[in-house]
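Undergrad:
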Amino acid sequence: MWRQNRIYKGRNGGVYPVRNHVISFENVVKQFDDEPVLKNVSFEIEEGKFYTLLGPSGCGKTTILRIIAGFNDVTSGDVYFDGKRINDVPANKRQVNTVFQDYALFPHMNVFDNVAFGLKIKKLSKAEIEKKVKEALRLVQLPGYETREISEMSGGQRQRVAIARAIVNEPKVLLLDEPLSALDLKLRTAMQYELRDLQQRLGITFIFVTHDQEEALAMSDEIFVMNKGHIVQSGTPVDIYDEPINHFVADFVGESNIVDGVMLEDNLVSFVGKKFECVDGGMRKNEPVEVVLRPEDLTITTLEKGKLTVTVDTQLFRGVHYEIICFDEQGNEWMVHSTRKAKEGAQVGLSFEPEDIHVMRFNESEEDFDARLESYDE
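Its first residue numbered 1, the sequence shown is counted upward by one per residue in full-length UniProt numbering.
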């Protein structure tokens with residue numbers, strides 16, 4: 001059932017800044033050359049949490065980050081920091097720092113001078129600068145690297161230097177623009193743990209931008225899923241994964257089997273020509289819906305025990321499981337994750353439980369979604 005996911009009402013139908021909300025967007029619109037990049041975006045960021053803006057390229061997530069940092073202005077709407085409007089506050093006056101995708105380090109400076117750069121601009125004493133730089137390097141697990149040249153460092157070490165330079169100024173909010181994208185898989189996974197641990201030790205707000213749903217699920221307290229200039233859903237990683245609000249979220253976050261169905265009544269849905277008990281409700285009787293079943297929630301079993309009959313088509317070994325592609329009698333494709341190999345060409349049953357079925361209102365167009373958002377402001 002449709003929910004107002006973090007669409008807050010306040011002045012002019014927007015957001016009221018609240019004391020423990022360090023950042024608030026109220027009906028923010030951003031256009032580049034008359035092309036809308038952000039469309040009436042409203043949300044609130046609580047202090048001391050790890051947030052992720054998740055979405056495909058061009059959805060507007062980096063634009064939000066740049067607006068918070070003060071690098072881009074808004075076409076309309078308001079941005080608040082600690083309850084104060086900051087639309088006209090310059091970037092160097094905001095209590096935020098940014099870690100960029102390419103790290104933006106100075107190659108002609110050593111580690112110490114890179115990290116100390118902002119402190120020197122503030123004209124702190126030499127002793128204070130040295131103390132703060134050493135503490136920042138300790139926090140990012142680079143103690144003793146002060147004299148190391150940037151050119152001598154690995155990608156992961158350079159990223160740590162960039163983070164140290166960002167946190168040494170003690171910002172209230174740290175912005176991270178796809179900082180893991182240039183790293184190999186093993187290092188990227190290790191850095192997910194390190195970033196999450198660093199955020200918890202510092203106790204400040206992290207806002208992380210990525211197109212990688214696994215990164216978002218692994219690190220976040222809360223995720224904002226974006227598409228075409230909208231925040232289409234927000235919630236905890238478990239909320240987003242287990243209760244996707246529409247076809248886009250279900251398909252973008254994780255693997256999903258999505259088929260058309262009909263909500264016959266509360267806790268009873270029909271799809272692929274059969275009726276199934278489920279745990280969803282609150283929709284009209286006989287309302288067209290989309291049904292989601294995750295591959296890991298499907299079990300290959302005998303025809304007698306299966307709720308669906310499918311034919312095994314192909315399979316790939318993914319290390320921790322086999323990814324098995326099956327087709328039912330109506331031609332619908334079903335992906336199954338199984339620890340056991342299946343026999344290609346075999347007819348088998350698929351079993352699942354009522355709580356494994358997730359029912360969504362039928363997918364709507366972008367224009368319908370825009371109209372629905374506007375209706376909440378009336």
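Where a beta carbon is used, it is the ideal one built from N, C-alpha and C, also for glycine.
(1) Going by Cα to Cα distance, which pick from ALA91, ARG165 and GLY60 is closest to ASN110?
(2) Within a Cβ cutoff of 7 Å, which residues of the same chain sit near SER256, ignoring the five residues on either side of it in sequence?
(3) Go through its chain and collect everything with a Cβ distance to SER270's Cβ below 7 Å, but skip five positions before and after it.
(4) Check PHE50 in the structure and name its three-state DSSP category.
(5) Less than 8 Å separating the beta-carbons of MET219 and LEU185?
(6) Apart from the five residues on each side of it in sequence, which residues of its chain come closer than 6 Å, Cβ to Cβ, to ASP280?
(7) Taking ASN332 as the reference, which of ILE300, GLY319, GLY282 and GLY273 has the closest Cα?
(8) In chain order, what are the residue ranges of uninterrupted beta strand (DSSP E) at least 3 long that sit wholly in the segment 76 to 116?
(9) Let me know the secondary structure DSSP gives HIS358 once reduced to three states.
(10) Give me whichever residues DSSP pairs with LEU139 in a beta bridge.
(11) Under 8 Å by Cβ, that's how I've got LYS49 and THR205 pegged, so tell me the actual separation to the nearest angstrom.
(12) Looking only at C-alpha atoms, which of SER76, ALA162, GLY60 and MET153 sits nearest to GLY118?
(13) Which same chain residues end up closer than 7 Å to GLU47 when comparing Cβ atoms and leaving out the 5 residues on each side of it in sequence?
(14) Buried or exposed for ASN286, going by 16 or more other Cβ atoms inside 10 Å?
(15) Return the residue from the list VAL41, ILE240, LEU174 and LEU142 that minimises the CA-CA distance to THR98.
(16) Looking at LEU223: is its Cβ nearer than 8 Å to the Cβ of THR62?
(17) Is there a Cβ from chain D that is less than 8 Å from the Cβ of LYS49?
TA: Checking against the coordinates, here is how it stands:
(1) Here residue 110 is taken as the residue at index 110 of the sequence shown, counted from 1. Comparing Cα-Cα distances from ASN110 to each of ALA91, ARG165 and GLY60, the minimum goes to ARG165.
(2) Counting from one through the sequence shown, the residue named residue 256 turns up at place 256. Answer for SER256: ALA250, VAL292 and ARG294, listed in chain order.
(3) Here residue 270 is taken as the residue at index 270 of the sequence shown, counted from 1. So the list reads GLY261, VAL262 and LEU264, once near-sequence residues are dropped.
(4) Within the sequence shown, numbered from 1, the residue matching residue 50 stands at position 50. PHE50: strand per DSSP, three-state reduction.
(5) Looking up residue 219 in the sequence shown gives position 219. Looking up residue 185 in the sequence shown gives position 185. Result no, Cβ atoms of MET219 and LEU185 do not sit closer than 8 Å.
(6) Taking the sequence shown and counting its residues from 1, the one referred to as residue 280 is at position 280. Here the set comprises VAL359.
(7) Here residue 332 refers to the residue found at position 332 of the sequence shown. Minimum Cα distance to ASN332 is reached at GLY273.
(8) 76 to 81 and 96 to 99
(9) In the sequence shown, counting from the first residue as 1, residue 358 sits at position 358. Here HIS358 sits in strand by DSSP.
(10) Sequence index remark: in the sequence shown, residue 139 carries index 139 (1-based). In the DSSP output, where bridge partners are listed per residue, LEU139 has none listed.
(11) As a working mapping, residue 49 is identified with position 49 in the sequence shown. As a working mapping, residue 205 is identified with position 205 in the sequence shown. Going by Cβ atoms, the distance from LYS49 to THR205 rounds to 6 Å, so yes, they are a contact pair.
(12) Translated into positions along the sequence shown, residue 118 becomes position 118. For GLY118, the nearest C-alpha among the options comes from ALA162.
(13) By 1-based counting over the sequence shown, the position of residue 47 is 47. Excluding sequence neighbours, GLU47 sits near ASN20, VAL22 and THR205.
(14) In the sequence shown, counting from the first residue as 1, residue 286 sits at position 286. ASN286 is exposed by the Cβ-count criterion.
(15) Working through the sequence shown from its first residue, we reach residue 98 at position 98. Cα-wise, what sits closest to THR98 is LEU174.
(16) Counting from 1 along the sequence shown, the entry for residue 223 is found at position 223. Counting from 1 along the sequence shown, the entry for residue 62 is found at position 62. The amino acid occupying residue 223 in the given sequence is Ile; Leu does not appear at that position. Result no, Cβ atoms of ILE223 and THR62 do not sit closer than 8 Å.
(17) Protein chain content of the structure displayed is limited to a single chain, and chain D is not contained in it.
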